[in-house]
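See structure below.
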Amino acid sequence: MLFILSLLLLVFIFLFFSFYGSWWIFWPQPIKAHLAINRLAVSIYNNPNCRDFCYFEQLGYEKAIVESLTNKGALNRLFSVIFNEEDNLRWRLKVLDIILKNDVSNSDYFLNKAQEFIKNQSGSHQIKQRLILNFKDRLDYLDYLEEIKNKLLNADLSLSEAEESLSFLFLLDAVDLDFVLNFLSQANDRSLIKNIILKINNNKEKILLKDNSYLKYFNFLQETFLNFNSYDLRSLVVFSLSDFVLGDAGEDSLKLLEKLYLQEECDKFSKFLIANILNSYSEKEYVYPEIDKLEWGNYYNSLN
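Quick note, the sequence shown lines up with residues 988 to 1291 if you use the working numbering.
Structure below.
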């Protein structure tokens, strides 16, 4: 009887430390894989900002999961996580990252599941967009592009979804300036507008310097400057215009900068930045407004 109780205690201790301690690594591969999946899921649920020990702990679970990708049961379980809308999104994205780093993502089974998911009207946009960006030559996603564009123009997405979806469209070269400006005409979030201006600037070779599209962009920058009394957004407008000075649109950009300089609504910090640019490229001399060190300090603090 004592022997049986001792044996049961040992089994209990082993199971306890397998599920809640570090002994899970001693199980055979198929069981270890499922334990690693469970542990990684719990860790991601409980640690949205994973650092230090948590980070290395999750790496250990990922390593065990990758080693199990030849196991059909473990692999099917991972696939089901990615396409299960009831599961935690951060967990699904983590599993998708693991799958995409390995050859199993090129299997016909996975790609068929991905195609079905993209065709479905419901489903996470983040998952769909990640799949499309990784398999754009092997998936049919044109209908989804139209769907996401309509959602953007109809304001059917949250702010974070809208920003991520625009980034996605830029990466696919699937937007033109008219579409972006149409979307921006409805936007009033300063951070979103800033990020989109930066994206346009980074892609101006593709979407601006053709068919005089930059003139439409300049009009938008002017409206943004006058409508938002925000130092960070105004400085971005000024520096965006200055990027065109040495190109084909140089004359128009300098004219607009001068126009903004002369506006009553132009604050003295923006006026100073504009004067600095105009004085570098114009024969006229533009007066710098007086600004003391304390004011400059407050200005730069407001940009952070």
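All C-beta atoms in this analysis are idealised placements derived from N, C-alpha and C, irrespective of residue type, glycine included.
Quantities reported herein were computed from a predicted structural model and do not represent experimental measurements.
Beta carbon of Val1363, beta carbon of Leu1118: below 8 Å?
Because the chain in this structure spans residues 988 to 1291, residue 1363 falls outside the shown range and cannot be described.
Run through the stretch 1040-1080 for me and flag every whole alpha helix (DSSP H) of 4 or more residues, listed as ranges in chain order.
Runs of the alpha helix (DSSP H) inside the stretch 1040-1080: 1040-1054, 1059-1069.
Boundaries (first-last residue) of the alpha helix (DSSP H) holding Val1091
Mapped onto the sequence shown, residue 1091 falls at position 104. Where Val1091 is concerned, there is no enclosing alpha helix (DSSP H), given that its DSSP letter is neither H nor E.
With a CB to CB cut of under 8 Å and the five nearest residues on each side skipped, what residues in its chain are close to Pro1035?
Within the sequence shown, the letter at position 48 stands for residue 1035. Cβ neighbours of Pro1035 within its own chain (closer than 8 Å, five residues either side excluded): Arg1077.
Under the three-state DSSP convention, the category Asp1143 falls into
Along the sequence shown, one-based indexing puts residue 1143 at 156. Note: Asp1143 maps to coil in three-state DSSP.
Going by C-alpha distance, which of Ser1109, Ala1142, Lys1191, Asp1176 is nearest Asp1163?
Locating residue 1163 in the sequence shown gives position 176, counting from the first residue. Each of Ser1109, Ala1142, Lys1191, Asp1176 was checked against the Cα of Asp1163, and the nearest Cα belongs to Lys1191.
Please report the distance separating the alpha-carbon of Asp1095 from that of Asn1063.
Within the sequence shown, the letter at position 108 stands for residue 1095. Within the sequence shown, the letter at position 76 stands for residue 1063. Rounded to the nearest angstrom, the two C-alpha atoms are 13 Å apart.
Take the Cβ of Gln1116 as the centre, count every other Cβ of all protein chains shown within 10 Å, and call the residue buried at 16 or more, exposed below.
What you label residue 1116 is simply residue 129 of the sequence shown in a count that begins at 1. Gln1116 is buried by the Cβ-count criterion.
Of all the options Phe1205, Ser1172, Ser1145, which has the alpha carbon lying nearest to the alpha carbon of Gln1113?
Residue 1113 sits at position 126 when you count from the first residue of the sequence shown. Nearest C-alpha to Gln1113: Ser1145.
Should Arg1038 be labelled buried (16 or more other beta-carbon atoms within 10 Å of its own) or exposed?
For this step, residue 1038 is matched to residue 51 along the sequence shown. Arg1038 is exposed by the Cβ-count criterion.
Contacts around Leu1168, its chain only, beta-carbon distance under 8 Å, and the 5 residues preceding and following it disregarded
For the purposes of this step, residue 1168 is taken as the residue at position 181 of the sequence shown. Counting only Cβ-Cβ distances below 8 Å, and skipping sequence neighbours, we find Lys1203, Tyr1204, Phe1207.
To the nearest whole angstrom, what separates the beta carbons of Leu1139 and Ala1149, a pair I think is in contact under 8 Å?
Counting from one through the sequence shown, the residue named residue 1139 turns up at place 152. Counting from one through the sequence shown, the residue named residue 1149 turns up at place 162. Right, the Cβ-Cβ distance comes to about 6 Å (below 8 Å), so this counts as a contact.
Can you give me the Cβ contacts of Asp1219 inside the same chain, cut-off strictly under 6 Å, excluding the 5 residues immediately before and after it?
Numbered from 1 along the sequence shown, position 232 holds the residue referred to as residue 1219. These residues qualify, in order along the chain: Leu1290.
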